[in-house]
Every structure is written in C-alpha cells, then in structure tokens.
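Colleague: Following this message is one structure expressed as structure tokens.
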Ligand SMILES: Nc1nc2c(ncn2[C@@H]2O[C@H](COP(=O)(O)OP(=O)(O)OP(=O)(O)O)[C@@H](O)[C@H]2O)c(=O)[nH]1
Ligand SMILES: [Mg+2]
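Residue numbers (the UniProt record's numbering): 1 to 406.
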C-alpha cells in the first residue's frame, strides 16, 4: 500500500517536472523573454541575412523591411543595418516651417522611419531655436541645421550688379516666373555650385534633396541610397521637364565653349541625346527636375563639374539671366557621365506643385501602396521629356504608356 502511494508520488513528481520543462522550452522559443537575454545576432543569421564581412553588420538590402519583423524588433535591425554615407537635405527658410514639417512627415512615413537617415536643413540665415525644436521632433534620424556661408550666397566680384538689376527688371516686366527675384538667383547658384561644399554636407557622399510642401505618394520599401551605392549610380531623378528658354538663353552656347575646350570630359556613352536633338548643336530644353534628386556629391566635387560650374559662373548667366540649377545639373550629368550612371526612380511616387510622377506599372503601383492617380503621371506628357529620355537611354516604354500620355 505504502509502496503504491510512493510510486504514485514519484510519477506525479516526474509529470510536474516534465510539465515545467516543456513550459521552459516553449517560453525560450517564443521570444527569449524568460530566462536569458535574446541573441539577436544569431537569430538574424538564422534568417539568412547577408553578413557584412568588414564590420559584422547585417546587410538587409535584399532582406525584409524593418517594419515587418515582430521577432527581431525594428529598432534592433536598424541599429545593425549598415547605412550608406548619406543624408536627406532641405534648403528652406524660417517661414517654411509648416511646409517643411509636412514634407518631413511624409518622407518619414514612406521611408525614413525605417532607416533613420540624418536630415540636413540649410538656410542663408540662422534658424531659430523654435524652428529647430519643432522640426527635429518629426525627424527619426539626426536633424542638423546649417547656415550658408555668405560667399556661397552673394554676388561674386566679377558681377555687375547694376546690369543684373536691369536684367531682372526686364524679365519681371516680361512676366518670366521668378524673373525679378534676386534671392531665387542666389538659390539657383547655391544649388548649382555650393551646397555640396557646405561643411555639414561635406561629411556625406549621397544626398536626397527634398523641398517643403512636396508629396511622396508610394511606400519606399528599400533604401535608395544603398541602391545607388550597390549599383554604382551617381544621379537619380523622378521627373523630367522642359525649361523656359528665356531663363537660359546663353547657357548652351556657354556650355558648347566649355565642351570645345574639354572634349575629353565627355564619355562616348553619355546622354547627349537626352538634351540635344541635333548632336549638341542646340539644347532641346530637357532636364531632370532637380527639386527631387538622389545623387552622389563626389560628382559635383569632381574636377570636371567644378571646372564647368566655374566656367558658367564667370559668364554671369546665374545673375544676368536666370539659370536654374536643374538645367545646369542635368546638362552636366548628361554630358560628363556614362548614361548607366543615371537612374530613374520610377517606383518613388513624387509630386512637386502641379507635376508628379505616379508609377503607371501595376506591380509598382499596387505593391507600394501608391496614393496617386496614374492619369496624373507626368512622365509621358508633352511638356515632360520622358519620350526623349526613354529613347536616349534605349529603354522600352511600359506597355500602357500611351494610356497615360497626352
Ligand atoms: N533659405 C532659403 N531657401 C530658399 C530661398 N528661396 C528658395 N529656397 C528654397 O530653395 C528650394 C527651391 O525654391 P522654390 O521656391 O521651391 O523654387 P522652385 O521649386 O523652382 O519653384 P516652385 O515651383 O515655386 O516650388 C526650396 O527648397 C526653397 O525652400 C531663400 O531665399 N532662402
Ligand atoms: Mg519648389
């Protein structure tokens, strides 16, 4: 009898012990939360992420998106991710506060909340503490605020200010957009030849230029900076458009003089066909709309571009006409780069003012949760330069392009 009770007790004890053991195992499998701290490195490796040899970071460019893995935790993945040496950049003024926050919230929502890239704000005047505080709250990376040195935002000594004033008045009377604006000209010249020399920007290689009040209409489920780096791209864009001839009347002749002096700066496989319909005789006014740019600043810092900018600057066209940084950048990348260094971000839905790029291919539109009307896509509009671009690049247009052209 006693023996029987003893046996039952032993069996019960083993059953309880077994039950505790099973519970312990289960707890360990479901989140590592009970006994020991989780080994995320091991977990990540077990999920087959590529290990980056030189720094032991995990390369997730071909992996999952950060927001989707409840097992590893987003923050941890972000910490281990090897980001590109890159920053988002916005040139703006104090009065742009609302538009800046609007833009920041949109790009954070669609992209940067998963990557935490820095965001540099530049101004020709100091930002107030209030502006900095209010904006920083919405940036998931570091917010950095820089004042532009006066020599990057003023008249060089070779400019005749009286002549510049007369030309501005003329353009204003003709109703040319921003024709009478002095600050617009400083802005265009700064964006053409100086932003990448700002001490804060000098710390980075890649930048993504964004403006106040713009829209990002699709999710960006990968890192465009890493894309640029991994694919050796130098200049990325979303929208092409024609320039107003009146603002750049002598830009092409000045460029032709520069080319004549430096023919070796033009690789054979450049994109001259995009900007000229007659092998360089004249400019067809096509350019990449530079309010959106993802690019490698080493190009702007190169000997070729630096000499080109200096040559243009000396001719005075930034002040006597109203040369925009968009045609200047576009001409330079089209002439001095092999065309495979350029990239059309046809998946990044983007709107600036009345023009937008809305992905017209179904897989992109549906896969990236786009919130835009394909009918409004500007790519193949007559005033855009999509047709010139696809032809110059030798690309096949999407099957449905005619449906969205006009
Ligand atoms: N700090 C500063 N930023 C400026 C100034 N003028 C323009 N910007 C910025 O430079 C960029 C381009 O200026 P915009 O006025 O948007 O020029 P735009 O895109 O050609 O013209 P819109 O079609 O009106 O947008 C924007 O990011 C502006 O915030 C200025 O005087 N000071
Ligand atoms: Mg703008």
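C-beta atoms are modelled at their ideal positions from N, C-alpha and C, and glycine is treated no differently. This one's a predicted model, so the numbers in the text were calculated from it and none came from an experiment.
Give a yes or no on whether the C-beta atoms belonging to residue 159 and residue 319 are separated by under 7 Å.
Modeller: Here residue 159 refers to the residue found at position 159 of the chain shown. Here residue 319 refers to the residue found at position 319 of the chain shown. Closer than 7 Å, so yes.
Colleague: Can you tell me whether residue 123 sits near ligand 2, meaning its C-beta is under 6 Å from at least one heavy atom of the ligand?
Modeller: Your numbering for residue 123 matches position 123 in the chain shown. Not under cutoff, so the answer is no.
Colleague: Going by Cα to Cα distance, which pick from 338, 110 and 373 is closest to residue 393?
Modeller: For the purposes of this step, residue 393 is taken as the residue at position 393 of the chain shown. Residue 393 has its Cα closest to that of 338, out of 338, 110 and 373.
Colleague: For a test of your reading of the model: does the CB of residue 353 fall under 6 Å from any non-hydrogen atom of ligand 1? Yes or no.
Modeller: Position 353 of the chain shown holds residue 353. Yes, ligand 1 has a heavy atom inside 6 Å of this Cβ.
Colleague: Report the three-state DSSP secondary structure of residue 246 (helix, strand or coil).
Modeller: For this step, residue 246 is matched to residue 246 along the chain shown. DSSP places residue 246 in helix when its eight states are reduced to three.
Colleague: Which residues in the same chain have their Cβ closer than 8 Å to the Cβ of residue 398, if we skip the five residues on either side of it in sequence?
Modeller: Locating residue 398 in the chain shown gives position 398, where the first residue counts as 1. Within the same chain, residue 398 has close Cβ partners 360 and 361.
Colleague: Compare the beta carbon distance of residue 329 and residue 285 with 7 Å and say whether it is the shorter of the two.
Modeller: Numbered from its first residue, the chain shown carries residue 329 at position 329. Numbered from its first residue, the chain shown carries residue 285 at position 285. Result no, Cβ atoms of residue 329 and residue 285 do not sit closer than 7 Å.
Colleague: What residue range is occupied by the uninterrupted beta strand (DSSP E) comprising residue 351?
Modeller: Along the chain shown, one-based indexing puts residue 351 at 351. For residue 351, the enclosing beta strand (DSSP E) starts and ends at 350-352.
Colleague: Determine the direct distance from the alpha carbon of residue 381 to that of residue 488, and round the result to whole angstroms.
Modeller: Residue 488 lies beyond the stretch modelled for the chain, which goes from 1 to 406, so this question has no answer here.
Colleague: Kindly indicate if chain B contains any beta-carbon less than 7 Å away from that of residue 313.
Modeller: Judged by its chain identifiers, the structure shown contains no chain B, having just a single protein chain.
Colleague: What ranges does the alpha helix (DSSP H) occupy inside the segment 247-325, keeping only unbroken runs of at least 4 residues that lie completely in it?
Modeller: 251-261, 272-275, 297-300, 303-315 and 317-320
Colleague: Taking the Cβ atom as the reference point for each residue, do residue 277 and residue 335 lie within a distance shorter than 7 Å?
Modeller: For the purposes of this step, residue 277 is taken as residue 277 along the chain shown, with counting starting at 1. For the purposes of this step, residue 335 is taken as residue 335 along the chain shown, with counting starting at 1. Not a contact, by the Cβ cut-off of 7 Å.
Colleague: Pull the bridge partners of residue 238 from the DSSP assignment, please.
Modeller: By 1-based counting over the chain shown, the position of residue 238 is 238. DSSP lists no partner for residue 238.
Colleague: Determine the contact status of residue 119 and residue 154, defining contact as a CB-CB distance below 7 Å.
Modeller: For this step, residue 119 is matched to residue 119 along the chain shown. For this step, residue 154 is matched to residue 154 along the chain shown. Going by C-beta atoms, residue 119 is not nearer than 7 Å to residue 154.
Colleague: Would you call the segment 183-199 and the segment 223-234 touching, i.e. three or more CB-CB distances under 8 Å?
Modeller: The answer is no - the segment 223-234 does not touch the segment 183-199, with fewer than three Cβ pairs under 8 Å.
Colleague: Counting only the same chain and skipping the five closest in sequence on each side, list residues whose C-beta sits under 8 Å from that of residue 305.
Modeller: As a first step, residue 305 must be located in the chain shown, where it is residue number 305. So the list reads 299, 332 and 336, once near-sequence residues are dropped.
Colleague: If residue 247 sits next to residue 176, beta carbons under 8 Å apart, how far is it from one beta carbon to the other, in whole angstroms?
Modeller: Mapped onto the chain shown, residue 247 falls at position 247. Mapped onto the chain shown, residue 176 falls at position 176. Rounded, the Cβ-Cβ distance is 6 Å, consistent with contact.
Colleague: Using three-state DSSP, classify residue 147 as helix, strand or coil.
Modeller: For the purposes of this step, residue 147 is identified with residue 147 of the chain shown, where counting begins at 1. DSSP places residue 147 in strand when its eight states are reduced to three.
Colleague: Does DSSP put residue 210 in a helix, a strand or coil?
Modeller: Indexing the chain shown from 1 puts residue 210 at position 210. If DSSP states are grouped into helix, strand and coil, residue 210 belongs with coil.
Colleague: Do you know how far the Cα of residue 9 is from the Cα of residue 23?
Modeller: To locate residue 23, count along the chain shown from 1; it is residue 23. To locate residue 9, count along the chain shown from 1; it is residue 9. Residue placement at residue 23 is poorly supported in this model, since its pLDDT is 49, which falls under 50; the coordinates are not used for a value here.
Colleague: Smallest Cα separation from residue 326: which of 174, 183 and 209?
Modeller: Start at 1 with the first residue of the chain shown, and residue 326 comes out as number 326. Looking at the Cα atoms, 209 is the closest of the given residues.
Colleague: Could you check if residue 291 belongs to the surroundings of ligand 4, using beta carbon to heavy atom distance under 6 Å?
Modeller: No copy of ligand 4 occurs in the structure displayed; its ligands are ligand 1 and ligand 2 alone.
Colleague: Heavy atom of ligand 2 less than 6 Å from the Cβ of residue 211, yes or no?
Modeller: Taking the first residue of the chain shown as 1, we reach residue 211 at position 211. Yes, ligand 2 has a heavy atom inside 6 Å of this Cβ.
Colleague: Just how far apart, CA to CA, sit residue 343 and residue 152?
Modeller: In the chain shown, the residue the question calls residue 343 occupies position 343. In the chain shown, the residue the question calls residue 152 occupies position 152. Their Cα atoms are separated by approximately 29 Å.
Colleague: Per DSSP, what kind of secondary structure is residue 377 in: helix, strand or coil?
Modeller: Numbered from its first residue, the chain shown carries residue 377 at position 377. When DSSP states are grouped into helix, strand and coil, residue 377 belongs to the strand group.
Colleague: So which of 387, 357 and 348 has the shortest CA-CA distance to residue 368?
Modeller: As a working mapping, residue 368 is identified with position 368 in the chain shown. It is 348 whose Cα lies nearest to the Cα of residue 368.
Colleague: Counting C-beta neighbours from all protein chains within 10 Å, is the total for residue 167 16 or more, i.e. buried, or is it exposed?
Modeller: Here residue 167 corresponds to residue number 167 of the chain shown, with the count starting at 1. So residue 167 ends up on the buried side.
Colleague: Do you know whose CA, among 405, 371, 376 and 400, lies nearest residue 386's CA?
Modeller: Reading the chain shown from its first residue, position 386 is the one you call residue 386. It is 405.
Colleague: The beta strand (DSSP E) spanning residue 343 covers which residue range?
Modeller: Looking up residue 343 in the chain shown gives position 343. It spans 342-344 - the beta strand (DSSP E) in which residue 343 sits, taken as one unbroken run.
Colleague: Any chance the CB of residue 358 is under 6 Å from a heavy atom of ligand 1?
Modeller: To locate residue 358, count along the chain shown from 1; it is residue 358. The answer is no for residue 358.
Colleague: Leaving out five residues on either side along the sequence, give the residues of the same chain with a beta carbon under 7 Å from the beta carbon of residue 106.
Modeller: Here residue 106 refers to the residue found at position 106 when the chain shown is read from its first residue. Counting only Cβ-Cβ distances below 7 Å, and skipping sequence neighbours, we find 215 and 216.
Colleague: Less than 6 Å between the CB of residue 91 and some heavy atom of ligand 1, yes or no?
Modeller: Indexing the chain shown from 1 puts residue 91 at position 91. Residue 91 Cβ: within cutoff of ligand 1.
Colleague: Going along the chain, which residues of its own chain have a beta-carbon closer than 6 Å to the beta-carbon of residue 311, five neighbours each way excluded?
Modeller: Numbered from 1 along the chain shown, position 311 holds the residue referred to as residue 311. Answer for residue 311: 258, listed in chain order.
Colleague: Taking just the CA atoms, how far does residue 384 sit from residue 390?
Modeller: Walking along the chain shown from the start, residue 390 turns up at place 390. Walking along the chain shown from the start, residue 384 turns up at place 384. When rounded, the separation of the alpha-carbon atoms in residue 390 and residue 384 is 12 Å.
Colleague: Confirm, please, whether the CB-CB distance from residue 254 to residue 315 is below 7 Å.
Modeller: Here the question's residue 315 lines up with position 315 in the chain shown. Here the question's residue 254 lines up with position 254 in the chain shown. In this structure, residue 315 lies near residue 254, with their beta-carbon atoms less than 7 Å apart.
Colleague: Under 7 Å between the Cβ atoms of residue 87 and residue 235?
Modeller: Your numbering for residue 87 matches position 87 in the chain shown. Your numbering for residue 235 matches position 235 in the chain shown. Not a contact, by the Cβ cut-off of 7 Å.
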